[in-house]
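For reference, the structure discussed in these notes is given below.
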Amino acid sequence: AQSVSQHNHHVILSEAASLELGCNYSYGGTVNLFWYVQYPGQHLQLLLKYFSGDPLVKGIKGFEAEFIKSKFSFNLRKPSVQWSDTAEYFCAVAKAGNTGKLIFGQGTTLQVKP
Amino acid sequence: GAVVSQHPSRVICKSGTSVKIECRSLDFQATTMFWYRQFPKQSLMLMATSNEGSKATYEQGVEKDKFLINHASLTLSTLTVTSAHPEDSSFYICSAPQRAGTDTQYFGPGTRLTVL
Chain A
1 AQSVSQHNHH
11 VILSEAASLE
21 LGCNYSYGGT
31 VNLFWYVQYP
41 GQHLQLLLKY
51 FSGDPLVKGI
61 KGFEAEFIKS
71 KFSFNLRKPS
81 VQWSDTAEYF
91 CAVAKAGNTG
101 KLIFGQGTTL
111 QVKP
Chain B
1001 GAVVSQHPSR
1011 VICKSGTSVK
1021 IECRSLDFQA
1031 TTMFWYRQFP
1041 KQSLMLMATS
1051 NEGSKATYEQ
1061 GVEKDKFLIN
1071 HASLTLSTLT
1081 VTSAHPEDSS
1091 FYICSAPQRA
1101 GTDTQYFGPG
1111 TRLTVL
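Line by line, the protein sequences give chains A and B. Taking my numbering, I'd label the letters of the first sequence as residues 1 to 114. Taking my numbering, I'd label the letters of the second sequence as residues 1001 to 1116.
Written out as structure tokens, the structure reads:
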């Protein structure tokens, strides 16, 4: 069965610090990978996604993620966080071609201190 | 981006009653929608796939008679929690792809259900 593991449950950073959130998945076939963000009081929004091609994916708001197939990882990064990045971040995986059925990681709460 | 709405945003009901939650795609048609459940401090769990014009398909372990799904039109799917119990209290979220066959899901804002 597919599963997704996010290593960090709660991260606290100061503004301008660099961010890396870990995500590993378990699935033997071809997958599509996603990072979603949920700002306080808002619905889930897509940050970025990987389907194929360049394993380094750039998303909105300066976020990027790198797909490392050999490590089954899709870590999220941002060089310099802002207070407005405070939110819940979810990594998700779907079987290629069936991406309505997302398997989510546990989520990481990011708190950025001004 | 595409907009998905849910109604109500929160509902409190008594144990044994039924509650209906609506999910609407506001500016696009969705032949397929998805229902997720999120427990406090936990991740989203896919419950079922709602298919317009046909029966919903449920994930393993989800009781189809308890969580009734009806995809009445290309813009509306409803989830009815029947004979609700306190353990059904949760955050219910729906999603839909803007275009059939695409991989980007747009999520609704969620419905907080509390069963007393």
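We put the CB at the ideal spot given by N, CA and C, even for glycine. What you are looking at is a predicted structure, and each value in this text was computed from that prediction instead of being measured.
By the criterion of Cβ-Cβ separation under 9 Å, what are the contact partners of Lys101(A) in chain B?
Phe1034, Leu1046, Thr1049 and Glu1059
Are the Cβ atoms of Phe1107(B) and Leu21(A) separated by less than 8 Å?
no
Considering Cα atoms alone, identify which of Cys1013(B), Ile1012(B) and Met1033(B) is closest to Gln1098(B).
Ranking Cys1013(B), Ile1012(B) and Met1033(B) by Cα distance to Gln1098(B) puts Met1033(B) first.
Going by C-alpha to C-alpha distance, which of Phe104(A), Thr86(A), Ala96(A) and Ala1(A) sits closest to Ala17(A)?
Thr86(A)
Output, in chain order, the set of chain A residues within a Cβ distance shorter than 7 Å of Gly948(B).
The first residue shown for chain B is 1001 and the last is 1116, placing residue 948(B) beyond what the model contains.
Going by C-alpha to C-alpha distance, which of Cys1094(B), Pro1086(B) and Leu1116(B) sits closest to Ala1030(B)?
Cys1094(B)
Could you pull out every residue in the same chain whose Cβ sits closer than 7 Å to the Cβ of His1085(B), ignoring the five residues on either side in sequence?
Ser1015 and Val1115
Does the stretch 95-111 of chain A touch the stretch 1071-1085 of chain B, meaning 3 or more C-beta pairs lie closer than 8 Å?
no
Contact list for Phe90(A) against chain B, beta-carbon separation under 8 Å
Ser1043 and Leu1044
Taking Gly97(A) as the reference, which of Glu15(A), Leu33(A), Ala1(A) and Ser14(A) has the closest Cα?
Leu33(A)
As a quick exercise: from Lys1066(B), Pro1040(B) and Lys1041(B), pick the residue whose alpha carbon is nearest that of Met1047(B).
Lys1066(B)
Who are the near neighbours of Glu88(A) in its chain, counting only those whose CB is closer than 6 Å to its CB and skipping five residues on each side?
Gln38, Gly107 and Thr109
Is it true that the CB of Trp35(A) sits closer than 8 Å to the CB of Leu102(A)?
no
Boundaries (first-last residue) of the beta strand (DSSP E) holding Trp35(A)
Val31 to Gln38
Strictly below 8 Å CB to CB, what residues from chain B border Phe115(A)?
With chain A running from 1 to 114 in the structure shown, residue 115(A) is simply not present.
Taking C-alpha atoms, which residue in Ala1096(B), Thr1104(B) and Phe1091(B) lies nearest to Gly41(A)?
Phe1091(B)
Quick one: does Leu46(A) have its CB under 8 Å from some CB of chain B?
Closer than 8 Å to some Cβ of chain B, the Cβ of Leu46(A) qualifies, so yes.
For Lys71(A) and Asn8(A), what's the separation of their Cα atoms in angstroms?
Straight-line spacing of the CA atoms in Lys71(A) and Asn8(A) works out to 17 Å.
For the beta strand (DSSP E) containing Phe67(A), list its first residue and its last residue.
Glu64 to Ile68
C-alpha gap between Lys1020(B) and Tyr1058(B), whole angstroms:
17 Å
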